[in-house]
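Single-structure report; data block below.
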Amino acid sequence: MCICHLPCRPVKPNIIGEQISSKMGAHYHCIICSATITRRTDMLGHVRRHVNKGETKSRYIVVSTTKPSNEILKEADTDVQVCPNYSIPQKTDSYFNPKMKLNRHLDPFGTSVNYLDSAFRNIRNLGIVSVTSTDISSLYAKAQHVARRHYGCNIVRTEYYKELAARIVVAAVARAAARCNKGIEVLFAVALEHFVLVVVRVLRGPTSADETAKKIQYLIHCQWCEERIFQKDGNMVEENPYRQLPCNCHGTMPGKTAIELGPLWSSSLFNTGFLKRMLFESLHHGVDDIQTLIKTLIFESECTLQSQFSTQTPSNVKKQEENDVFIKTTDTTMEHLQGKRKSHEVITNLAKKQKSDVSTEHPPFYYNIHRHSIKGMNMPKLKKFLCYLSQAGFRVSRTHFDPMGVRTDAPLLQFKSILLQYSTPTYTGGQSEGYVQSSPENSVADRVE
């Protein structure tokens, strides 16, 4: 293609009779017959006619001078593929290779919502996607307008704000997976230091996508007592949504007492079988740094106390069965998962293992014992208070989201009643916990310190 000033320009006489060259835009020259052709489509047809007549051959040689797009780095005997996406943060179509992978880990700077669609388009069935979000200012309700912009969620600062942030990220991951006709199963979600980490297993198919989308719901939160409950399923508008809350603050307090938060992930945040296998592998390989956290997550997923949990050391047995999952200590690699036919048996085994990893539905959210402490009373020790709740017939455990948090299925009124029952008055000067006779009116009237 050229714009030339050679005799290929047509020469036309003007009014006076002088010959001037007319302007011609971009055009083509045929290398066979030297014909001048304006449009590219006409040039292709012109060359094709030469090929049909046998005057030339339809062979094209393309010389590529561009550098390879991907760079391979070797770190600790592992090939790390660096994709050329650092300069184009919004064009997510070119982030990943067209070949689907089994596992993906996203660790961007700030929010991860810009990369979720590409991750789920390029993930295989039963693959694992881990997402790290470091935009805690928006997730922890310090910048609520940013949370509404990135995640489409309405949030406020609550006592359970860390778990609220984890459920916001899981809801964004679930919506991205549903857009690609895929569902998710949450393996675990943690909020530590300056990030929120969510690990999910991908379940391909529109049925799984529909089931995942149903688990995204709105939350009703009382601003007086901080009681909370997920809204009921259904499209009909409820006449009085305050009836869903277990508290009676709307009848005793003036004005509107509750707000609507979300949409949030309403199902479980932990998979007990997956966490137990993680703990077993950490014991087997001697990874001591994460064992305490994994044990806390297991207690939290089952909503049980630590005294009711026991583990086996890997030196005793070569195989172990936990939560109906058969675990082997042999080292298995996933390199043979690259081909479809070769990985059919392994995918089948993963599907059976995934069916046995049924997530135990733990109670959503938790209560901070200091937030609900009673004025003028000494609280019992946290471990003893957990035992008191368990003896009362409620499921109870600690949570990694808050060191003073208590995850339980007890309503807030029962939580405060048991807390008051085993608290001692401050003026006695004693720290011993015991039964205290008190009227129900005082248990409700005492406010949180």
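For the sequence shown, UniProt numbering assigns the number 1 to the initial residue and increments by one for each residue that follows. Ideal Cβ positions, reconstructed from N, Cα and C, are used throughout, including at glycine. These figures come from a predicted structure and were not determined experimentally.
Using a Cβ-Cβ cut-off of 8 Å (strictly less than) and excluding sequence neighbours within five positions of V146, which residues of its own chain qualify? Same-chain partners within the cutoff: D135, S137 and S138.
Under 7 Å between the Cβ atoms of L219 and R201? Not in contact: L219 and R201 (Cβ atoms no closer than 7 Å).
Residues in its own chain within less than 7 Å of I294 by CB, not counting five upstream and five downstream? Only L275, M278, L279 and S282 meet the Cβ criterion.
Leaving aside the five residues before and after S133 along the sequence, list all residues of the same chain whose C-beta is less than 7 Å from its C-beta, in chain order. Excluding positions up to five away in sequence, the list reads T111, S112, L139, V169, F195 and V196.
Beta-carbon proximity of G183 to E211, cut-off 7 Å: If you check the CB distance, G183 and E211 come in under 7 Å.
How is the beta strand (DSSP E) around S130 delimited, first residue to last? I123 to S133 is the extent of the beta strand (DSSP E) around S130.
Check whether the Cβ atoms of A166 and A143 sit closer than 7 Å, and answer yes or no. Pairing A166 with A143 gives a Cβ-Cβ distance that is not under 7 Å.
First and last residue of the uninterrupted alpha helix (DSSP H) at G183: DSSP places G183 outside any alpha helix (DSSP H); the residue lies instead in the beta strand (DSSP E), whose first and last residues are K182 to L192.
Beta carbon of V198 nearer than 7 Å to that of A209: Judged by beta-carbon spacing, A209 lies beyond the 7 Å limit of V198, meaning their Cβ atoms are not closer than that value.
Report the three-state DSSP secondary structure of L283 (helix, strand or coil). Correct three-state label for L283: helix.
Roughly how many whole angstroms lie between the Cα atoms of A178 and P206? Going by the C-alpha atoms only, they are around 8 Å apart.
If you reduce the DSSP assignment to three classes, tell me which class E227 lands in. Under the three-state reduction of DSSP, E227 is assigned to coil, being neither helix nor strand.
Can you find the residues in the same chain that come closer than 6 Å, C-beta to C-beta, to N125, ignoring five residues on each side of it along the sequence? Correct list, in chain order: R204.
Sheet register partners of V199 (DSSP bridge): The beta-bridge partner set that DSSP reports for V199 consists of S130 and F188.
Pairwise C-alpha distance: D107 and F120: One C-alpha to the other measures close to 15 Å.
E75 by DSSP, collapsed to three states: which one? Residue placement at E75 cannot be trusted, given a pLDDT of 49 that sits under 50; what the coordinates show is reported in the next sentence. Note: E75 maps to coil in three-state DSSP.
Complete alpha helix (DSSP H) runs within the stretch 355 to 399 (minimum length 4 residues, chain order): Every alpha helix (DSSP H) of 4 residues or more that sits fully in the stretch 355 to 399 is shown, in chain order, as 382 to 391.
Might you give, ordered along the chain, the residues of its own chain that have their beta carbon closer than 7 Å to the beta carbon of Y151, omitting 5 neighbours on each side? Contacts found: V113, I168 and A172.
I'd like to know whether the C-beta atoms of L116 and A35 end up nearer to each other than 7 Å. Result no, Cβ atoms of L116 and A35 do not sit closer than 7 Å.
Within the chosen definition, does the stretch 298 to 306 reach the stretch 406 to 422 through at least 3 CB pairs nearer than 8 Å? The count of Cβ pairs closer than 8 Å, one atom from the stretch 298 to 306 and one from the stretch 406 to 422, reaches three, so the stretches are in contact.
Restricting to Cα atoms, I'd like to know which of N378, H284, Q421 and Q217 is closest to N235. Per the C-alpha coordinates, the member of N378, H284, Q421 and Q217 positioned closest to N235 is Q217.
Can you tell me the Cβ-Cβ gap for E227 and L245, rounded? I've got them flagged as a contact below 8 Å. That pair is a contact at about 6 Å.
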